[in-house]
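Working notes for the structure below.
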Amino acid sequence: MSSDINLLEIRDFLTELAYEVGKLITSNTGKTTFDDKANAVDLVTETDAAVERLVADRTKARYPEFDFLGEESYVPGVSKLTDKPTFVVDPIDGTTNFIHSFPFSCTSLGFTINREPVVGVIYNPFLDWLYTGVKGHGAYLNKTQKLPLRKPPVGSKLTIQNALIGIEWGTQRSGNNYQVKTETFKKLAAEQGGFAHGFRSLGSAAMNISAVAAGQLDAYWEGGCYAWDVCAGWVILSEAGGRIVGGNPGQWEPAVDERIYLAVRGGDGSDEFIEGFWDSIEGKLDY
Ligand code: IPD
């Protein structure tokens with residue numbers, strides 16, 4: 069059955085859906101009240117839930133035979149990504165940005181077969197940036213600009229020292245994971261350590277991965293996010309020549325729901341870059 073699935077048709081369907089959802093997101097930014105999830109910095113709004121309902125309804129109506137995994141309807145210990153064709157959806161990625169009207173939130177609509185991301189559509193309606201990727205068919209910004217947009221100069225190698233790296237502090241602000249992240253940030257930044265060019269926190273996994281796919285960030289390191297945060301970006305980045313490996317040392321082929329990731333742009337030196345990055349990690353992330 070999987071071989072009969074028309075991935076380009078799914079991309080076009082998800083693109084139209086993303087534009088529809090975009091209007092709902094922009095019309096509510098900064099206006100909604102929010103609730104806490106795991107703690108006082110893990111936030112959700114009514115708009116997250118409304119967008120997910122809309123996406124779930126539309127996907128179910130058009131593709132009733134496929135499964136659906138979404139951030140807001142996820143039930144810990146019950147909802148699971150399986151081998152079945154599945155829409156993997158973060159209705160609003162970058163909810164904190166959405167609450168603060170910082171224009172880096174997006175809808176992230178992915179599709180997996182056998183747990184492999186094969187279609188990805190990410191739309192930031194504030195900046196009108198649409199990233200799309202289909203396995204075997206490339207990745208694009210706004211349908212026509214092939215990714216990556218920025219190619220490093222010929223002969224230059226990907227190194228930590230020359231890199232602009234996406235990082236996120238996450239919602240756990242104590243304990244092992246907080247310690248590993250902050251100590252690793254210090255090591256990557258220090259003159260006696262990685263001495264990287266710089267760090268950016270876009271506040272959305274999908275936006276960070278899209279920036280790696282575009283070649284604007286060289287890498288993005290994350291622990292704690294979920295399949296819906298990375299699924300769409302995964303295929304966009306792969307089609308742009310980059311890849312996602314594990315965010316702990318030695319994990320070359322992580323599962324999409326592994327929760328610990330290092331996304332790296334394409335280009336010479338990426339294996340050495342990954343090993344160098346892993347050597348810089350102070351401890352082990354555990355989610
Ligand atoms: C979050 C964002 C954030 C990442 C978190 C995610 P949400 O998603 O992608 O950048 O660091 O791990 O949970 O809550 O805004 O959908």
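Going letter by letter, the sequence shown gives residues 69 to 355 in our numbering.
Cβ atoms here follow ideal geometry from the backbone N, Cα and C, with glycine treated the same way.
Just so you know, these numbers come straight off a predicted model, no measurement behind them.
Short check: CB of residue i to CB of residue j, under 9 Å?
i: I190; j: A274; result: yes
i: A129; j: P216; result: no
i: I235; j: S269; result: yes
i: T101; j: P193; result: no
i: G162; j: A300; result: no
i: I228; j: W289; result: no
i: Y199; j: A282; result: yes
i: G109; j: T150; result: The question names Gly, yet the displayed sequence has Val at residue 109. Result no, Cβ atoms of V109 and T150 do not sit closer than 9 Å.
i: W296; j: G204; result: no
i: F134; j: S272; result: no
i: G318; j: W346; result: yes
i: L330; j: N244; result: no
i: R327; j: G292; result: yes
i: T175; j: G315; result: no
Buried or exposed, going by whether 16 or more other CB atoms sit within 10 Å of the CB of residue i?
i: D125; result: exposed
i: W302; result: buried
i: S242; result: exposed
i: E84; result: exposed
i: V156; result: buried
i: S306; result: buried
i: S348; result: buried
i: P153; result: buried
i: V186; result: buried
i: G223; result: exposed
i: P159; result: buried
i: N182; result: exposed
i: V143; result: exposed
i: A323; result: exposed
Give the DSSP-derived three-state secondary structure of residue i in the structure shown.
i: Y246; result: helix
i: A258; result: coil
i: R311; result: strand
i: N74; result: coil
i: T239; result: coil
i: I377; result: With the chain covering 69 to 355 only, the question about residue 377 has no answer from this structure.
i: L305; result: helix
i: G90; result: helix
i: D325; result: coil
i: R218; result: coil
i: D80; result: helix
Could you spell out the range, first to last residue, of the alpha helix (DSSP H) harbouring residue i?
i: E343; result: S338 to S348
i: F172; result: No alpha helix (DSSP H) contains F172, which DSSP labels as neither H nor E.
i: V146; result: Per DSSP, V146 belongs to no alpha helix (DSSP H) and is neither H nor E.
i: V280; result: A273 to A282
i: D125; result: E114 to R130
Is it the case that the CB of residue i approaches a heavy atom of ligand 3 more closely than 8 Å?
i: S272; result: Ligands displayed in this structure: ligand 1; ligand 3 is not among them.
Locate the beta strand (DSSP E) running through residue i, then write down its first and last residues.
i: R268; result: G266 to R268
i: V109; result: It is not in any beta strand (DSSP E) - V109 carries neither H nor E in the DSSP assignment.
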